[in-house]
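J.: Here it is: the structure, laid out below.
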Amino acid sequence: MRCPMRRGVFLLSLLLSAGLAPVTRPARAAAPPGGAGDWRTPAEVSDCRSTPRYIETMAYLTRLARAAPGRLRLETFGRTGEGRGLVAAVVSRDGSFDPEALRRAGRPVVLVQNAIHAGEMDGKDACLALLRDMVITRTREALVERAVLVVIPIYNADGHERFGPYNRVNQNGPESGGWRTQARNLNLNRDYMKADAPETRALLRLWNRWLPDLFVDDHVTDGADYQYDTTYGLDMGPDVPPALAAWNRDVLAPYLERSVGETGHVIGPYIALRDDADVAKGILLGQDLPRFSTGYAVLQNRPGLLVEMHMLKDYRTRVTGNYEVLRAVLELVNRDAAKLVAMNRAADAATAALGRTYDPAALAPLRLEAQAATEPFRFLGYRAVKRPSEISGAEMVEYTREPIAITVPRPAGLRVARSVTTPRAYIVPAAWTQVIEVLQAHGLRLLKTAAPWSGDVETYRCDSPHWFERPFEGRQVLFYPGEGLPKSGAALGPCTTVVETLWFPAGSTVVPLDQRAGRVALHFLEPEAPDSAVAWGFFNSVFEQKEFGEAYVLERLARDMMAKDPALKAEFERRLAEDKEIAGSPDARLNFFYRRSPFWDPRLGLYPVGRLTSLEGVPLAR
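Those letters in the sequence shown? Residues 0 to 621, by numbering that gives the first Met the number 0.
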């Protein structure tokens, strides 16, 4: 990766104006500014002051593909909401571009995703240079000696073309960039589980076609200022298959720090401070939820590497740092190719095995939390001072340029806070089509019932849901999203496991868990999972009361019920004496009886999806 000290800026104004039109195929290769032999990337031509638009990026990729047809191929794997093509560049040393054949040959696939937040484009420009160095200058061709590289240069293509100089107030360059969200204002890095966006559906198809052995998602930070220009995140908690967690911790992380550090970049783990103004309070550690790209990779039994370049470092430093991270990752994947492929296959097999039999003692983690125990971490920051602000009226943090190295506490790891037994399968009633469509989008193996079926199933009754007060990612959710939004007690609330005799029509969907991606199904269909369909509001209607009793009718009903049941009368009188909420509310008093009467809706708050501990007797279509 090189950004020569030149003043020219590579801009194609006519192409930029055309960038909003639907693109049906990769653009024609534009003439390079220095002639046919000039393979500098657009960012390099601009001395790392600018980043290319969508059409310029596709034009450069097309030039690469035409110059190296047996080594680099472009694939359009989907369309954005505005009709742009979603393009992946695939590099294979021997011209083999068939995922199945590559899997049979034991060749590890590395999938690199860029510009999911399209104002954060460091990875895109790093990848253009890396692809060039693999197939044109061939100075990096050894990086695909055993590995196959799949690069998504611009994932959020519609957001990328909402282009301007004022899209990232926190960020130091380039001169202009894209927008964080896609055309419907959805954050694609919150969409991996619910899959509302067309871009997400396309990416899931790409994922299931290539089944990457390692996934990389390139970003730029927000948050505190510190010395690191390059930070990374790797999952190593109890939700990660043990061999992969050990490889992330003991092999990949130290290799990255050593290899990238040797190039002069300051690299360290991704940092989230407890208090930006007081580093001594330490560092936060939390669960990588599957709404995020790398959290989703955990459920797919794959190492997921989050790359976060620091927002305040100059663009040249960030792009070259991102390049070095990708170079180091590919070096290691080539070195450990057989081991990585074997670990992934073993993790897939272990996941599938959990669904072959029902073992009430076999628990799957749903939620993680930081351990109370801490370990020392040497943090490379800048001294910060606090002073009152005349503008905000609050204390503000002001970072000096004085570097500090301070040892601070960091949680020693994560522990399981909520787990669940793994059923043999789930059964989803045919009417819940949106839920079934998402399961299909994840590439899960689904079965259908050939006839109506009634049977005893495990499910849940949830009685006290509280929704977040405003929409989040286009949905009314049953959790507090964080992300600087107003504090809230939004939560699903406690759910009670019950066994109910439920009826399922023909065409209902059975989701067996004896498959490699079974944990994706489990996290989507277990209500108390952090990114479940229930949490994201797919089942909000089951909590809506649709029938109500008139007060004078319920009054007669209550008197009749007490006359027939002295124990109920005694319970009511006790509740009046002990429960101020009931005592002070006429409606609550009447509802005490309505809820205990045969007129109450037994399906209110009842989760309609069943957990099957056996498939015996379920009429599955053949």
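Using N, Cα and C, we set each Cβ at its ideal position, and we do this for glycine too.
Just verifying my parser: in three-state terms, what is the DSSP assignment at His-625?
T.: With the chain covering 0 to 621 only, the question about residue 625 has no answer from this structure.
J.: Give a yes or no on whether the C-beta atoms belonging to Leu-443 and Val-519 are separated by under 9 Å.
T.: What you label residue 443 is simply residue 444 of the sequence shown in a count that begins at 1. What you label residue 519 is simply residue 520 of the sequence shown in a count that begins at 1. Going by C-beta atoms, Leu-443 is nearer than 9 Å to Val-519.
J.: Tell me, please, whether the segment 312-322 touches the segment 225-236 by the rule of three or more beta-carbon pairs shorter than 8 Å.
T.: Short answer: they touch.
J.: If we count the other Cβ atoms within 10 Å of its Cβ and call it buried at 16 or more, is Thr-500 buried or exposed?
T.: Within the sequence shown, residue 500 is the residue found at index 501, counting from 1. Thr-500 should be labelled exposed.
J.: Please identify the residue among Thr-356, Val-219, Val-143 and Met-192 whose C-alpha is closest to the C-alpha of Trp-178.
T.: For the purposes of this step, residue 178 is identified with residue 179 of the sequence shown, where counting begins at 1. The residue with the shortest Cα to Cα distance from Trp-178 is Val-219.
J.: Residues bridged to Leu-73 by DSSP?
T.: Position 74 of the sequence shown, counting from 1, holds the residue named residue 73. Beta-bridge pairing links Leu-73 to Ala-88.
J.: Note the first and the last residue of the continuous alpha helix (DSSP H) segment covering Pro-197.
T.: Working through the sequence shown from its first residue, we reach residue 197 at position 198. Start and end: 197-209.
J.: Assess, as a yes-or-no matter, whether the segment 367-381 is touched by the segment 254-262 under the definition of 3 or more beta carbon pairs within less than 8 Å.
T.: With a cut-off of 8 Å, the segment 367-381 and the segment 254-262 do not count as touching, because too few Cβ pairs lie within range.
J.: Output the residue ranges of the beta strand (DSSP E) runs that lie fully inside the segment 480-559 and measure 3 residues or longer, sorted by chain position.
T.: Within the segment 480-559, the complete beta strand (DSSP E) runs of at least 3 residues are 494-503 and 508-511.
J.: Go to Arg-379, then tell me how far its alpha helix (DSSP H) extends in each direction, as first and last residue.
T.: Working through the sequence shown from its first residue, we reach residue 379 at position 380. First, the amino acid is wrong: residue 379 is Leu here, not Arg. First-last for Leu-379: 373-387, but that is the beta strand (DSSP E), not the alpha helix (DSSP H).
J.: Using only the alpha-carbon positions, how far apart do Glu-401 and Ile-135 sit?
T.: Here residue 401 is taken as the residue at index 402 of the sequence shown, counted from 1. Here residue 135 is taken as the residue at index 136 of the sequence shown, counted from 1. If I take the Cα positions, the gap works out to 43 Å.
J.: Quick one: residues in its chain with C-beta nearer than 8 Å to the C-beta of Glu-394, no 5 flanking neighbours on either side, listed in chain order?
T.: Residue numbering aside, residue 394 sits at position 395 when the sequence shown is read from its first letter. These residues qualify, in order along the chain: Ala-276, Lys-385, Arg-386, Pro-387 and Ser-388.
J.: On the CB-based measure, 16 or more other CB atoms within 10 Å of its CB, does Asp-578 come out buried or exposed?
T.: Residue mapping note: residue 578 aligns to position 579 of the sequence shown, counting from 1. Looking at its Cβ environment, which holds fewer than 16 other Cβ atoms inside 10 Å, Asp-578 is exposed.
J.: In the DSSP output, what is Ile-403 paired with across the bridge?
T.: As a first step, residue 403 is located in the sequence shown; it is residue number 404 there, counting from the start. Bridge partners of Ile-403: Gly-380.
J.: Does the separation of the CB atoms of Ile-115 and Asp-216 fall below 9 Å?
T.: Within the sequence shown, residue 115 is the residue found at index 116, counting from 1. Within the sequence shown, residue 216 is the residue found at index 217, counting from 1. Their beta carbons are under 9 Å apart, which means Ile-115 touches Asp-216 by this criterion.
J.: If you run the structure through DSSP and keep just helix, strand and coil, what is Cys-47?
T.: By one-based count along the sequence shown, residue 47 stands at place 48. It is coil, neither helix nor strand.
J.: Under the assumption that Ala-182 contacts Glu-99 (Cβ atoms under 8 Å), give the Cβ distance between them as a whole number of angstroms.
T.: Along the sequence shown, one-based indexing puts residue 182 at 183. Along the sequence shown, one-based indexing puts residue 99 at 100. That belief does not hold up - the Cβ atoms of Ala-182 and Glu-99 are roughly 34 Å apart, past 8 Å.
J.: Indicate the three-state DSSP secondary structure (helix, strand or coil) for Tyr-269 in the structure shown.
T.: As a working note, residue 269 is residue 270 in the sequence shown. Here Tyr-269 sits in coil by DSSP.
J.: For the candidate residues Asn-169, Tyr-165 and Asn-184, whose alpha-carbon lies nearest to that of Ser-175?
T.: Numbered from its first residue, the sequence shown carries residue 175 at position 176. Checking every option, the nearest Cα to that of Ser-175 belongs to Tyr-165.
J.: On the DSSP letters alone, give me the boundaries of the beta strand (DSSP E) that Val-434 sits inside.
T.: One-based indexing of the sequence shown puts residue 434 at position 435. Val-434 -> not in any beta strand (DSSP E); alpha helix (DSSP H) instead, spanning 432-440.
J.: Residues bridged to Met-308 by DSSP?
T.: As a first step, residue 308 must be located in the sequence shown, where it is residue number 309. Per DSSP, Val-219 and Thr-229.
J.: Would Ala-346 and Leu-243 qualify as a contact pair, given that the criterion is a beta-carbon distance under 9 Å?
T.: On the sequence shown, residue 346 is found 347 positions in, with the first residue counted as 1. On the sequence shown, residue 243 is found 244 positions in, with the first residue counted as 1. Yes, these two residues count as a Cβ contact at 9 Å.
J.: Going by DSSP, name the residue or residues bridged to Ile-151.
T.: Against the sequence shown, residue 151 aligns to sequence position 152. In DSSP, Ile-151 forms a bridge with Gln-112.
J.: Measuring alpha carbon to alpha carbon, tell me which of Ala-194, Ala-196, Thr-56 and Met-192 ends up nearest Leu-127.
T.: Sequence index remark: in the sequence shown, residue 127 carries index 128 (1-based). Per the Cα distances, Thr-56.
J.: Measure the C-alpha to C-alpha separation of Arg-83 and Ala-620 and round it to an integer number of angstroms.
T.: Looking up residue 83 in the sequence shown gives position 84. Looking up residue 620 in the sequence shown gives position 621. Taking the straight line joining both Cα atoms gives about 39 Å.
J.: Have a look at Leu-353 and Ala-361 and give me their C-alpha separation to the nearest angstrom.
T.: Taking the sequence shown and counting its residues from 1, the one referred to as residue 353 is at position 354. Taking the sequence shown and counting its residues from 1, the one referred to as residue 361 is at position 362. One C-alpha to the other measures close to 8 Å.
J.: Report the option in Ser-391, Ile-405, Arg-377 and Val-44 whose CA atom is closest to the CA atom of Ala-383.
T.: For this step, residue 383 is matched to residue 384 along the sequence shown. Ranking the options by Cα distance to Ala-383, first place goes to Ile-405.
J.: Identify the continuous beta strand (DSSP E) that holds Leu-367 and give its terminal residues.
T.: As a first step, residue 367 is located in the sequence shown; it is residue number 368 there, counting from the start. That run of the beta strand (DSSP E) goes 362-369.
J.: Pull up the CB-CB distance for Tyr-254 and Ala-327, whole angstroms please, since I reckon it's below 8 Å.
T.: Residue mapping note: residue 254 aligns to position 255 of the sequence shown, counting from 1. Residue mapping note: residue 327 aligns to position 328 of the sequence shown, counting from 1. Confirmed, about 6 Å.
J.: Runs of 4 residues minimum, wholly inside the segment 328-354: which ones carry the alpha helix (DSSP H) assignment?
T.: Counting whole runs of 4 or more residues, the segment 328-354 contains the alpha helix (DSSP H) stretches 336-353.
J.: Could you tell me whether the segment 477-485 touches the segment 317-331, using the rule of 3 or more Cβ pairs below 8 Å?
T.: The segment 477-485, when compared against the segment 317-331, does not touch it at the 8 Å Cβ threshold.
J.: Would you kindly check if the distance between the Cβ of Val-90 and the Cβ of Phe-76 is under 9 Å?
T.: To locate residue 76, count along the sequence shown from 1; it is residue 77. To locate residue 90, count along the sequence shown from 1; it is residue 91. Not closer than 9 Å, so no.
J.: Arg-558 to Phe-571, Cα distance in whole Å?
T.: To locate residue 558, count along the sequence shown from 1; it is residue 559. To locate residue 571, count along the sequence shown from 1; it is residue 572. The alpha-carbon atoms of Arg-558 and Phe-571 are separated by roughly 11 Å.
J.: To the nearest angstrom, how far is it from the Cα of Pro-408 to the Cα of Tyr-381?
T.: The residue you call residue 408 lines up with position 409 of the sequence shown. The residue you call residue 381 lines up with position 382 of the sequence shown. Between Pro-408 and Tyr-381, the C-alpha separation is close to 17 Å.
J.: Can we say the segment 138-148 touches the segment 101-120, given the rule of at least three CB pairs closer than 8 Å?
T.: Judged by Cβ distances under 8 Å, the segment 138-148 makes contact with the segment 101-120, as three or more pairs qualify.
J.: What do you reckon, are the CB atoms on Thr-356 and Arg-515 nearer than 9 Å?
T.: Looking up residue 356 in the sequence shown gives position 357. Looking up residue 515 in the sequence shown gives position 516. Not in contact: Thr-356 and Arg-515 (Cβ atoms no closer than 9 Å).
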